[in-house]
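Q: For reference, the structure I am asking about is given below.
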Amino acid sequence: MAEQLALREYYGKTIVELGETNKDIVVLDADLSGSTKTSMFAKKFPDRFFNMGVAEQNLIGTASGLAAGGKIPFASTFSIFASGRAWEQVRQAVCYPRQNVKIVATHGGITVGPDGPSHQATEDVSLMRSIPNMNVVVPADAYETAAAVRRAAEYNGPVFIRLARGKFPVIYDESKTYSFGKADFLKKGSGLSIIACGLMVSIAMEAAEILENDGESVSVINMSSIKPLDKEAVLTAARETGAIVTAEEHSIIGGLGSAVAETVCEDEPVPVVRVGVRDMFCSSGSAEELLECYHLDSKSIVEAGRKALSLKRPTG
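If you read the sequence shown in the numbering used here, its first letter stands for residue 79, the second for the next number, and so on.
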């Protein structure tokens, strides 16, 4: 079984590492530093850490002000609050003036466990993706998280990095680097492409193995950069395999599935079957129970793959 590491732990470690070499990096949190792991930075650099309390709109507004003063602010809270409660501030104070603010939001998706639907962010990627000037990243594992945080610190402009609560299977290693707008082909096949992000990348790899045991040839693509989307990778997948499944721990409306479908529809029409949360609120439960209940497991990706294959146009 693959090693599992928590993405938010690696965010905490990486932001401390960056803070040691760049004195302009500051960190803000909304009274959740123990959960977001910004507490690591607070302990190391208390003079550069700001607990804004349960005031997410102020969190984002203050981060914008610090950026205007030449700092590189990393603002963190749960994704449901960063994307929902503070959406107007993200739009007006960060993205419209293109301030150099990095929003690293944890507890994205449904796998927050027993916290229930009030804390399950299944619309966050859609909300952030729709704002001009925003880069949106959903890393596949802890090492990609660290690489994305390092890249965000170098980049001059708004970035939204969405992390889940739990531990993910490791896909990369410590040498992983990150580029906005660049997908990774983890497997190359000829019959079907599975394009996934976040936790669903490792689950997509499991599904690909099942399909290949049934004689199918499957590509798996990690599309952690939701915006900018690697359109060329999507179109390559469409041309080479003729059928696509998308998989995300997010609503099928407005997230990765929508971005892929929009690209394919305009430039290379092939069947696209989306795996994600349907148009609904989800229940409380363990991460494993919820992934199975809402059809975000390997079995569901396999079923979606077979559907996509059945919809492929005849060749020749």
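The beta-carbon is built from N, C-alpha and C at its ideal position, and this holds for glycine as well.
#1: Looking at the C-beta of M358, does it have a partner C-beta in chain B at a distance below 8 Å?
#2: Can you tell which of G363, G354 and E98 has its C-alpha closest to the C-alpha of D375?
#3: Quick one: is N291 buried, meaning 16 or more other Cβ sit within 10 Å of its Cβ, or exposed?
#4: So the candidates are V227, K266 and R126; which of them puts its Cα closest to the Cα of A183?
#5: Rounding to the nearest angstrom, what Cα-Cα distance links A230 and S302 in this structure?
#6: Can you tell me the Cα-Cα spacing of T29 and V312, whole angstroms?
#7: Does DSSP put V190 in a helix, a strand or coil?
#8: Less than 8 Å separating the beta-carbons of G244 and A84?
#9: Buried or exposed for A222, going by 16 or more other Cβ atoms inside 10 Å?
#10: Within the continuous alpha helix (DSSP H) that includes D262, where are the two ends?
#11: Considering only residues of the same chain and omitting the five flanking positions on each side of A386, which have a CB-CB separation below 7 Å?
#12: Going by other Cβ atoms of all chains shown within 10 Å of its Cβ, with 16 needed for buried, is M358 buried or exposed?
#13: Between the stretch 191-198 and the stretch 279-287, do three or more beta carbon pairs fall short of 8 Å?
#14: For L144 and V104, which I take to be in contact (beta-carbon distance under 8 Å), what is that distance rounded to the nearest angstrom?
A: Considering the structure as presented:
#1: The structure shown contains no chain B, having only a single protein chain.
#2: Mapped onto the sequence shown, residue 375 falls at position 297. Nearest of G363, G354 and E98 to D375, Cα basis: G354.
#3: Counted from its first residue, the sequence shown places residue 291 at position 213. N291 is exposed by the Cβ-count criterion.
#4: For the purposes of this step, residue 183 is identified with residue 105 of the sequence shown, where counting begins at 1. In terms of CA proximity to A183, V227 leads the group V227, K266 and R126.
#5: Counting from one through the sequence shown, the residue named residue 230 turns up at place 152. Counting from one through the sequence shown, the residue named residue 302 turns up at place 224. Roughly 14 Å between the two C-alpha positions.
#6: Since the first residue shown for the chain is 79 and the last is 394, residue 29 is missing from the structure and cannot be characterised.
#7: Here residue 190 refers to the residue found at position 112 of the sequence shown. Here V190 sits in coil by DSSP.
#8: Counted from its first residue, the sequence shown places residue 244 at position 166. Counted from its first residue, the sequence shown places residue 84 at position 6. Annotated as proximal: G244 and A84, with beta-carbon spacing under 8 Å.
#9: For this step, residue 222 is matched to residue 144 along the sequence shown. The question names Ala, but residue 222 in the sequence shown is Glu. Buried: at least 16 other Cβ atoms inside 10 Å.
#10: Indexing the sequence shown from 1 puts residue 262 at position 184. According to the DSSP assignment, D262 belongs to no alpha helix (DSSP H) but to the beta strand (DSSP E) extending over D262 to K265.
#11: The residue labelled residue 386 in the question sits at position 308 within the sequence shown. Take A386, set aside five residues on each side of it, and the residues of its chain with a beta-carbon closer than 7 Å to its own are L270, A321, I322, V323, P349 and V351, in chain order.
#12: Locating residue 358 in the sequence shown gives position 280, where the first residue counts as 1. Classification for M358: exposed.
#13: Touching, no.
#14: In the sequence shown, the residue the question calls residue 144 occupies position 66. In the sequence shown, the residue the question calls residue 104 occupies position 26. That belief holds up - the Cβ atoms of L144 and V104 are roughly 6 Å apart, short of 8 Å.
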